[in-house]
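Read in order, the letters of the sequence shown correspond to residues 0 to 430 in numbering that gives the first Met the number 0.
Note that beta-carbon positions come from the ideal geometry of N, C-alpha and C, so glycine has one too.
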Amino acid sequence: MPKLLLITASSREIRNVRKSRFLGFQQITMPYLAARVPDGWEVSHVDEEAEKINWDIEVDVVGITFHTPSAYHAYEIAGRFRLREICVVLGGPHVTLVPEEASQNADVIFIGEAEGLWEEFLKSFEAGSYQHVYQQTSAPILENIPMARKDLFHRHDHTSGVLFATRGCPHECEFCTIAVMYCRKFRKRPVVEVAAEYASFKGKVIIFWDDNISADMKYAKELFRAITPYRKWWSSQASIHAGRDDEFLKAASESGCKQLFLGLESVSQQSMTGANKGFNHVEEYFQIIERIHSHGIAVQAGIVFGFDQDTSQIFEDTLDFLEQAGVQNATFNILTPFPGTPLYRRIESEGRLLTCDWRKYNSRHDVVYQPKLMSVNELLAGFQYANERFYSLSSIAKRLSRSPAQLWWTLPLNLAYHYRWMLSKRSQKSS
Ligand code: SF4
């Protein structure tokens with residue numbers, strides 16, 4: 000029986016970043032791909048966020064998925080298995096964005112989504128011949144998708160289930176990899192299939208791993224009504240459009256939505272317009288957040304610093320806004336021009352790219368381009384300031400007293416972040 004090892008690769012540096020942000024959510028690419036493996040294969044999965052690779056394992060094929068900052072680490076893994084003459088297959092976001100580089104480090108690469116081609120490759124491998132490159136030429140229809148293999152979920156996070164309902168996003172924000180990877184083809188799974196997978200999880204807390212659950216409002220409302228009877232709690236990413244529609248929010252709340260990760264990105268309208276995200280109207284942010292809170296849903300704001308229109312004033316302005324609006328959680332990122340995106344091409348053509356060392360494309364510790372209206376050090380210091388201020392006790396008190404939405408878990412989570420930042424500050428000082 001042929002044996003297949005799937006690896007969700009994550010470098011040590013990225014594991015540290017994720018741990019410091021409690022970002023250990025189960026990744027679902029490999030459990031979904033495993034469900035598509037033809038009969039007769041023995042499949043195992045190593046998720047490096049949760050376990051180590053057994054280098055002596057006897058397998059016929061190793062498949063690795065990874066994001067840009069873990070690229071060199073994934074190539075090292077590939078190299079070690081290839082030394083043993085094991086066929087190594089690479090796929091995932093970085094391979095799709097930079098296929099030429101990945102192809103030098105693998106026997107087989109997958110460009111784009113793997114559905115259909117993956118099964119074809121495994122059958123060809125069994126027959127003794129296969130191609131070096133499998134490239135998706137059209138966006139796969141997301142119907143009759145087998146449920147992800149739960150026995151290959153390994154992360155011990157606080158969720159009991161992770162799935163997806165939609166893939167892609169119809170928007171074209173300049174910095175976003177999603178728009179590039181899925182060629183702006185937004186697709187939906189049939190509601191009935193999503194609801195069945197949602198119901199199949201035993202526990203209460205579910206994450207929809209969608210890029211933008213509010214991309215099709217009609218579909219989203221239909222989905223929320225279908226999952227309401229299961230009385231679970233869920234969270235997902237959404238664009239600002241989610242907060243403009245009371246009917247969407249009511250249906251979401253009734254179906255168990257406890258938090259939306261909202262792509263606010265910036266409190267500077269100029270920055271939003273410059274990033275081709277002018278549909279984010281900064282002047283309505285307060286109203287949007289208030290409306291989401293009024294449905295009992297907490298907000299996790301996605302914030303990016305370093306747009307070309309950002310000056311060093313942006314950090315204070317952002318924190319003032321988050322505190323006044325009573326935003327419960329936030330994820331701060333340093334703008335990163337990921338390869339393949341329009342932002343990367345523009346920054347490169349302007350001669351402002353500082354490095355192509357993918358390890359530094361982590362959006363947290365490094366700045367990989369020359370910002371326009373501030374220095375690299377100002378951007379790094381501002382990022383640090385934002386995190387420290389957001390998770391200070393006074394900011395936690397201000398923000399959470401403004402909105403009681405989901406206080407029972409947003410308060411402990413904020414306090415956990417507070418102590419995490421205090422510890423990391425202390426260790427920085429002593430090192
Ligand atoms: S709305 Fe979000 S997911 Fe869609 S293109 Fe913009 S940043 Fe990407």
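Exercise for the section: Following the continuous alpha helix (DSSP H) through residue 36, name the residue where it begins and the one where it ends. Expected result: Counting along the chain, residue 36 sits inside no alpha helix (DSSP H), nor does DSSP assign it H or E at all.
Practice task
Return yes when at least one heavy atom of ligand 1 lies under 8 Å from the C-beta of residue 332, else no.
Solution key: Checking every heavy atom of ligand 1 against the Cβ of residue 332, none is found closer than 8 Å.
Problem - Proximity of residue 89 and residue 340 at Cβ, strictly below 9 Å - result: No, they are not a contact pair.
Handout entry: Host alpha helix (DSSP H) of residue 123 (start-end)
Key = Start and end: 116-126.
Exercise for the section: Give the single residue among 152, 424, 417 and 94 whose Cα lies nearest to the Cα of residue 389. Expected result: Of the candidates 152, 424, 417 and 94, the one whose C-alpha sits nearest the C-alpha of residue 389 is 417.
Handout entry: Inter-stretch contact (C-beta, 8 Å, three-pair minimum) for the segment 173-188 and the segment 197-205
Key = The segment 173-188 and the segment 197-205 do not touch, with fewer than 3 CB-CB distances between them shorter than 8 Å.
Exercise for the section: Give every residue whose Cβ lies closer than 5 Å to any heavy atom of ligand 1, listed in chain order. Expected result: This selection yields 168, 170, 172, 175, 177, 178, 210, 211, 238 and 262.
Handout entry: Residues sharing a beta bridge with residue 175, DSSP
Key = As far as DSSP is concerned, residue 175 takes part in no beta bridge.
Practice task
Can you say whether residue 131 is buried or exposed, counting buried as having 16 or more other CB atoms within 10 angstroms of its CB?
Solution key: Burial call: exposed.
Handout entry: Cα-Cα separation, residue 147 to residue 398
Key = The straight-line gap from Cα to Cα measures roughly 37 Å.
Practice task
Leaving aside the five residues before and after residue 232 along the sequence, list all residues of the same chain whose C-beta is less than 6 Å from its C-beta, in chain order.
Solution key: Apart from the 5 residues on each side of it in sequence, residue 232 sits with its Cβ closer than 6 Å to the Cβ of 203, 204, 255 and 257 in its chain, given in chain order.
Problem - DSSP beta-bridge partners of residue 260 - result: Residue 260 pairs with 236 and 299.
Problem - Simplified DSSP state of residue 349, which is helix, strand or coil - result: Coil, per DSSP.
Practice task
With DSSP as the reference, label residue 389 as helix, strand or coil.
Solution key: Shown here, residue 389 sits in a helix according to DSSP, grouped into three states.
Practice task
For the beta strand (DSSP E) holding residue 27, just list the boundary residues, first then last.
Solution key: Where residue 27 is concerned, there is no enclosing beta strand (DSSP E), because DSSP gives it neither an H nor an E.
Practice task
Go ahead and label residue 271 buried or exposed: buried means 16 or more other beta carbons lie within 10 angstroms of its beta carbon, across all protein chains shown.
Solution key: Buried, by the Cβ-count rule.
Handout entry: Runs of beta strand (DSSP E) wholly within the segment 179-225 (minimum 3 residues, chain order)
Key = Qualifying beta strand (DSSP E) stretches, in chain order: 204-207.
Handout entry: Contacts around residue 9, its chain only, beta-carbon distance under 6 Å, and the 5 residues preceding and following it disregarded
Key = Only 47, 48 and 69 meet the Cβ criterion.
Handout entry: residue 129 in three-state terms, based on DSSP
Key = It is coil, neither helix nor strand.
Practice task
Let me know if residue 413 comes out buried or exposed under the rule of 16 or more other beta-carbons within 10 Å of its beta-carbon.
Solution key: Residue 413 is buried by the Cβ-count criterion.
Handout entry: Residue closest to residue 45, alpha-carbon to alpha-carbon, out of 62, 267 and 34
Key = Residue 45 has its Cα closest to that of 62, out of 62, 267 and 34.
Practice task
Determine the direct distance from the alpha carbon of residue 304 to that of residue 78, and round the result to whole angstroms.
Solution key: Going by C-alpha positions, residue 78 is about 36 Å away from residue 304.
Handout entry: Distance, residue 0 Cα to residue 328 Cα
Key = CA-to-CA, the gap between residue 328 and residue 0 works out to about 48 Å.
Problem - Three-state class that DSSP yields for residue 103 in the structure shown - result: In the structure shown, residue 103 sits in coil (DSSP, three-state: anything other than H, G, I, E or B).
Problem - Reduced DSSP secondary structure (H/G/I, E/B, other) of residue 13 - result: DSSP places residue 13 in the helix class (H, G or I) of the three-state scheme.
Practice task
Keeping to the same chain, check which residues put their C-beta closer than 7 Å to that of residue 247; ignore five residues upstream and five downstream.
Solution key: Around residue 247, the same chain offers 213, 216, 219, 220 and 241 as residues with beta carbons nearer than 7 Å, after the five sequence neighbours per side are excluded.
Exercise for the section: Please report how far the alpha carbon of residue 57 lies from the alpha carbon of residue 336, in whole angstroms. Expected result: Roughly 39 Å between the two C-alpha positions.
Handout entry: Per-residue burial, residue 172 [other beta carbons within 10 Å of its own, 16 or more giving buried]
Key = By the 10 Å Cβ count, residue 172 comes out buried.
Handout entry: Coil, strand or helix - residue 329 by DSSP
Key = The answer is strand: DSSP assigns residue 329 an E or B state.
Handout entry: Status (buried if at least 16 other CB within 10 Å, exposed otherwise) for residue 480
Key = Nothing about residue 480 can be reported from this structure: the residues present for the chain run from 0 to 430 only.
Handout entry: Among 268, 186 and 359, nearest to residue 166 - alpha-carbon criterion
Key = The residue with the shortest Cα to Cα distance from residue 166 is 186.
Practice task
Can you give me the start and stop residues for the beta strand (DSSP E) that residue 435 sits inside?
Solution key: Missing from the structure shown is residue 435; the chain here goes from 0 to 430 and no further.
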